[in-house]
Structures are given as structure tokens and as C-alpha cells.
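Here the structure is laid out as C-alpha cells; the discussion comes afterwards.
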Amino acid sequence: MSKIFVAGSFNVDITCYAPRIPRHGETVPGTSANISSGGKGFNQATACAHAGSEVIMLAKIGDDPLSSIARNCFQKEGVSTRLLSVVHGENTGCAFIEVEEATAENRIIIVSGANAHVGKSDIENAESEIKESDYALTQLETSMESVEELCRICEKLNKPLIFNPAPSRPLQDFVFKSVSIFTPNETEAEFYTGVKIENEKDAVRAADILLQKGVKCAIITLGKKGVFYKTMDKSGLIPAPVVEAVDTTGAGDAFNGALASRLASGENLEAAMKFACAFASLSVTRKGAADSMPTYQEAENFMKANY
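Using the numbering used here, read the sequence shown as starting at 180 and increasing by one per residue.
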């Protein structure tokens, strides 16, 4: 079984669904609410596990009542807790999510809490776990020093690193050079390249800039349009299967986790992206973030039916 090392955030997601997202100062009656697991790191770790990999996640939680939810979620999803630690006197990370039922689009407020305490020394102490993994995966919901240290260690160990630059933050030049696969969405790609992506030509321009920065492979996720990818040797657009979206929260995380798992298992890039697109497309047909992740067999069957 392939093994993935994930460094990132765990949040308790508090999600409210309403016919539309309220304007400033407005109160809109909701139709339902849900408390579930989330955080980009845990979403991606869950996707990795569902896609068939052993997953060890470096994360921190608080010593508040939400921490028990965190432990239960790790156990439920089969994500190792060996590198899960508690920050005393701090709250567990949480996210407040508004979902517009008519479009399935969302708006999110994140409170980092214990996630902000993931630091450089935590990554240093996990080097043996990173070394034993087939792939590493990270995002930008923990401290920048921890992200940068993971980049350094992966480069030193020649360990492939998938970097999902969300939420967008400025990155040092060496970070791009250490990344095997860089996976921004359209908005994030514009942040790092200055190219507003409205069509495939724009995606080509943005990907070229990312490759010039040192990224070995750029994959730009385009929502329901699919994903555009480019390496020094090839490029292309992988369309996403057509589905009726219910909740797009965590769709990018579903893609990244599934991609990491399939690449770690030895699949080629295009096959892994098709599986990841199918996996992510299924996830948006269900409510929640980590809770929306399909099983491996569901994604496999859906992929075969659509590609």
C-alpha cells in the first residue's frame, strides 16, 4: 500500500445551507446546518485514505471540546494520529461555512486556532516519516515556516511534494523549485502569475509562468471545466464529469488527495488526474468537506463510466 505524508490543518466545519448567501447586514433563513470535520489538510488526508493509501498527518488541535471531534474523525477516516498533538490553552481550528443552495457555491471564515502552531520543529521531527512515505502533500493553512521546512526536507530527500497553494500567500522562490506538482485553482493561479484565467490559452500562459518559477508540473483546477496540466514535455485539459453539484466545499482537496494517492500507487499523471477529477466530481454531489469524500470503488466506477 502506498503511504502519503500530509502536513496541514484540521478544522471542525460548521456549515449552514440557505437559498442564498446574505448580503452585509442581512439575515437569511437557513434550511439546515451540519457540524463535520474539515480543514484543507484533513480533507486531503481523508481523500488520500479513501483513495487507497496509508496516511499519516502532522496536525495540531486544541484542548477544547472540539478536540474530541477531531480525534473521532481521525479514527473514523483511518488517518494515523501518531503526529497529532495538542496545543494547551488553544482552540481547535474551526471554519464557518455558508452554502448557497441554488448554486452550491460557498463562503468561508476560518479560525486557525491550533493550526497556527504547526511549526518548523514539528516538520523537522517528522523527517523519518516523510522519508518513509511515497509522496508528501501540503497546503497553506499552517505556518509558513512549517511549509518552507517541508519543502526543504522533501528536496533534500528527493521526495515528491504536491503543493496546493491555498489560501494564497506569497512564496519564496525556493519553494517553487522544490515542488513536484503545484495545484492552484484559477484564483490562486492568477495570484501567483498575474494571469486572469478565462480560457485554456490563459491557463497555458499561467502554467508556463509557474514552470519558469521552477515548478516541475503545474495543474490548474478549473472547477466544473476540469483541470489543465503542463510539464516541460506535455500539456492538456482533463474535463470533469458532469454532475449536479450540491456543495463544492472541499472539491479541490478531494482532487489533491486522490491525485496524491494514485500517483503514489504508481499510476501515470494523466490516469491519476482522471481518477482525481472523478473523485472530486463525486464529492460535490454530497454535503460537507471530508464527509463528502467517495470511496475508492465509487470513484473508480464513476471514472470508468465517464472517461
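A virtual CB, placed ideally from N, CA and C, is assigned to each residue, including glycine.
What three-state label does DSSP hand residue i in the structure shown?
i    : result
E328 : helix
K299 : helix
R286 : strand
D192 : strand
K338 : coil
K513 : Because the chain here runs from 180 to 486, residue 513 falls outside it and cannot be looked at.
S312 : coil
A274 : strand
L461 : helix
K182 : strand
S291 : coil
E479 : helix
S259 : strand
E269 : coil
E306 : helix
A197 : strand
S471 : helix
If you measure between the beta carbons of residue i and residue j, is that distance less than 9 Å?
i    : j    : result
E320 : G298 : no
G231 : E269 : no
G405 : L416 : yes
N343 : T362 : yes
E365 : T400 : yes
D243 : T428 : no
I302 : I332 : yes
S460 : N485 : yes
F454 : M482 : yes
S211 : E233 : no
T206 : L245 : no
E306 : L336 : yes
K395 : M411 : yes
F221 : N251 : no
G217 : I276 : yes
A437 : H229 : yes
L448 : Y408 : yes
K375 : K338 : no
S247 : G445 : no
Am I right that residue i and residue j are in contact with their C-beta atoms under 8 Å? What's the rounded C-beta distance?
i    : j    : result
N294 : S188 : 4 Å
F184 : S264 : In fact, because the Cβ distance is near 15 Å, the residues do not count as touching under 8 Å.
P420 : A457 : 6 Å
V278 : T194 : 6 Å
D426 : A283 : 6 Å
A469 : E308 : Incorrect: roughly 21 Å between the Cβ atoms, too far for contact.
A451 : Y314 : In fact, because the Cβ distance is near 11 Å, the residues do not count as touching under 8 Å.
K219 : A345 : 6 Å
H296 : V326 : About 14 Å; that fails the 8 Å criterion.
A155 : L329 : Outside the shown range of the chain, which is 180 to 486, sits residue 155, and nothing can be said about it.
For the ligand MG, I want to know if residue i counts as a neighbour, meaning its beta carbon is within less than 8 Å of at least one of the ligand's heavy atoms.
i    : result
M452 : By its list of ligands, the structure shown contains no ligand whatsoever, and the ligand MG lies outside what it can speak to.
* Asked: Taking three-plus beta-carbon pairs below 8 Å as touching, is the stretch 190-207 in contact with the stretch 224-239?
  -> Because the criterion of three Cβ pairs below 8 Å is not met, the stretch 190-207 and the stretch 224-239 do not touch.
* 4-residue-minimum alpha helix (DSSP H) runs that sit fully inside the stretch 343-372, ordered along the chain -> With a minimum length of 4 residues, the unbroken runs of alpha helix (DSSP H) contained wholly in the stretch 343-372 fall at 352-357 and 365-372.
* Asked: Do the stretch 356-367 and the stretch 233-249 make contact, defined as three or more Cβ pairs closer than 8 Å?
  -> They do not touch, by the three-pair rule.
* Between the stretch 363-375 and the stretch 336-350, do at least 3 Cβ pairs fall closer than 8 Å? -> Touching, per the Cβ criterion.
* Tell me, please, whether the stretch 431-441 touches the stretch 306-321 by the rule of three or more beta-carbon pairs shorter than 8 Å. => A contact between stretches requires three or more CB pairs, one per stretch, nearer than 8 Å, and the stretch 431-441 meets this requirement with the stretch 306-321.
* Asked: With contact counted as at least three CB pairs below 8 Å, one residue from each stretch, are the stretch 462-474 and the stretch 379-388 in contact?
  -> At 8 Å Cβ cutoff, the stretches do not touch.
* **Ranges of the beta strand (DSSP E) found wholly within the stretch 413-450, counting only runs of at least 3** => Within the stretch 413-450, the complete beta strand (DSSP E) runs of at least 3 residues are 414-417.
* To do: List in chain order: all unbroken alpha helix (DSSP H) runs of 4+ residues lying wholly within the stretch 368-412.
  => As far as the stretch 368-412 is concerned, its whole alpha helix (DSSP H) runs of at least 4 residues are 379-391.
* Asked: Which runs of the beta strand (DSSP E) fall wholly inside the stretch 209-234 and span at least 3 residues, in chain order?
  -> Runs of beta strand (DSSP E) with 3 or more residues, each lying fully within the stretch 209-234, are found at 211-217, listed in chain order.
* Completely contained alpha helix (DSSP H) runs for the stretch 232-257, where each covers 4 or more residues -> When DSSP assignments are scanned along the stretch 232-257, the uninterrupted stretches of alpha helix (DSSP H) that are 4 or more residues long and fall wholly within it turn out to be 245-256.
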